[in-house]
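Numbering (the numbering used here), first residue to last: 1299 to 1479.
Ideal placement from N, C-alpha and C gives every residue a C-beta, glycine not left out.
Everything numeric in this text was worked out from a predicted model, so none of it was measured.
Beneath this line is the structure, given in structure tokens, with notes to follow.
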């Protein structure tokens, strides 16, 4: 295994299949209407497997990075936490690291935000797989220009974090940033 995580642009899907920690990021800003919310949500607590031990430190480290850059802290939003957890659980269940997860109940970020009932004017998403701790995934995200840009963006005011493990124990991490309508 190479010494560090692999970083990939959203269009480079080939890195998903390597057995090293990898990252993806997505940035979208729009004033489009949010699709209707699906009525059924998975049990995110069961899918998480001790997620708060990971998610809380990621929120704290994200806001510490923002403070270091002179930016205001992001507020934790329960609906963004739901959307992030939904995606982490889906990726772990399907064993794939993708922003648009074909074959999933909520394949697109907009679908997950709608499922959680989050009315957004803008959002962004960072995903990663394989890092061994909250500190390791934050370090990877901050070393990637696209992920770092999402973390330090002034376009969004709220954050949600998701974490899940697949059947082999590999960790999946999701950061969802948003600005409510």
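Close Cβ partners of residue i (< 7 Å) along its chain, the five nearest in sequence each way excluded
i	result
residue 1455	1372, 1373, 1477
residue 1312	Any reading at residue 1312 must be qualified, since the residue scores a pLDDT of 29, below 50, and its modelled position is unreliable; the value itself is stated next. No residues qualify anywhere along the chain.
Close-in-space but distant-in-sequence residues of the same chain around residue i (CB under 6 Å, 5 per side omitted)
i	result
residue 1399	1388, 1405
residue 1380	1414
residue 1464	1390, 1393
residue 1435	1426, 1429, 1471
residue 1359	1436
Enclosing beta strand (DSSP E) for residue i [first to last residue]
i	result
residue 1456	1456-1463
residue 1477	1469-1478
residue 1422	1418-1427
When the options are compared against residue i, the one with the closest alpha-carbon
i	options	result
residue 1394	1475, 1466, 1450	1466
residue 1355	1396, 1479, 1433, 1463	1433
residue 1361	1397, 1376, 1457	1457
residue 1397	1452, 1453, 1424	1424
residue 1417	1402, 1376, 1386, 1461	1376
Cβ neighbours of residue i in the same chain (closer than 8 Å, five flanking residues each side left out)
i	result
residue 1440	1363, 1446, 1449
Whole-angstrom distance between residue j and residue i, CA atom to CA atom
i	j	result
residue 1367	residue 1351	25 Å
residue 1419	residue 1409	14 Å
residue 1437	residue 1357	13 Å
residue 1474	residue 1353	12 Å
residue 1469	residue 1391	11 Å
residue 1426	residue 1471	5 Å
residue 1412	residue 1378	10 Å
residue 1407	residue 1382	9 Å
Residue range of the unbroken alpha helix (DSSP H) whose run includes residue i
i	result
residue 1443	1443-1449
residue 1466	Element bounds for residue 1466: n/a, residue is neither H nor E.
residue 1438	1432-1440
ask   = At which residue ranges does the segment 1357-1414 contain complete alpha helix (DSSP H) runs of 4 or more residues, listed in the order of the chain?
value = 1376-1392, 1407-1413
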